[in-house]
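Peer 1:
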Amino acid sequence: MSISDPIADALTKVRNAYRAGHKQVTVHHCKLVESVLKILAKENFINNFDIIERDTERKIFRKQILVNLRYTNDGKPILRGIERISKPGRRVYVKAANIPSVYNNTGCAIISTSQGVLADRDARAQKAGGEYVCKVW
0 MSISDPIADA
10 LTKVRNAYRA
20 GHKQVTVHHC
30 KLVESVLKIL
40 AKENFINNFD
50 IIERDTERKI
60 FRKQILVNLR
70 YTNDGKPILR
80 GIERISKPGR
90 RVYVKAANIP
100 SVYNNTGCAI
110 ISTSQGVLAD
120 RDARAQKAGG
130 EYVCKVW
């Protein structure tokens, strides 16, 4: 079964896992999802992630990513919200000068540029615009 929007699927799985209070969640692997998760780990919204290779003996038929979620000492999730902006039906592109700040720079916008997938701060520093993938706060 193919997924029409793997990024939205991964973001929804992470959002639902935080709401349910899970410590880990698995999402389907794709290069763009892996890049988004690297940025989330770099910006401290998740602890880390591991890539699980295919293993037919353990009934893992496709490559997956195991995401370790991050909580405060009180047990509240660090990630309060995550929203997909550019969708398959409506792509959203931003210029380097017009990259939005998310919640007064307490959040993070993720931009897919020609230099790779970057957080909003890095995209502004490199003066690179591109597709506005999602925002996280």
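Throughout the sequence shown, residue numbering follows the numbering used here, covering 0 to 136 in sequence. We treat Cβ as the ideally placed atom computed from N, Cα and C, and that holds for glycine.
(1) If we ignore side chains and look at the alpha-carbon of each, how far apart do I51 and V24 end up?
(2) If contact is defined by three or more beta carbon pairs under 8 Å, each pair taking one atom from either stretch, is the segment 55-73 in contact with the segment 3-18?
(3) Nearest to G115 by alpha carbon, out of K37, G74 and K134?
(4) Check this for me: beta carbons of V135 and I109, under 8 Å apart or not?
(5) Under 8 Å between the Cβ atoms of S113 and G88?
(6) Give the straight-line distance between the Cα atoms of I98 and G106, rounded to the nearest whole angstrom.
(7) Measuring CB atoms only, is the segment 69-84 touching the segment 40-57, in the sense that at least three cross pairs come out at less than 8 Å?
(8) Rounded to whole angstroms, what's the CA-CA distance from L117 to Q63? Just pull it up for me.
(9) Hey, could you find the ends of the beta strand (DSSP E) T112 is sitting in?
(10) Compute the beta-carbon to beta-carbon distance between I59 and L31, rounded to the nearest angstrom, for a pair I have assumed lies under 8 Å.
(11) Since I believe I77 is in contact with C133 (beta carbons under 8 Å), could you give me their beta-carbon distance rounded to a whole number of angstroms?
(12) Does T11 come out as helix, strand or coil in the three-state DSSP assignment?
Peer 2: Per the coordinate set shown:
(1) 12 Å
(2) yes
(3) K37
(4) yes
(5) no
(6) 13 Å
(7) yes
(8) 22 Å
(9) C107 to T112
(10) No, I59 and L31 are not in contact; Cβ-Cβ is about 21 Å, not under 8 Å.
(11) Wrong, their Cβ atoms sit about 16 Å apart, outside the cutoff.
(12) helix
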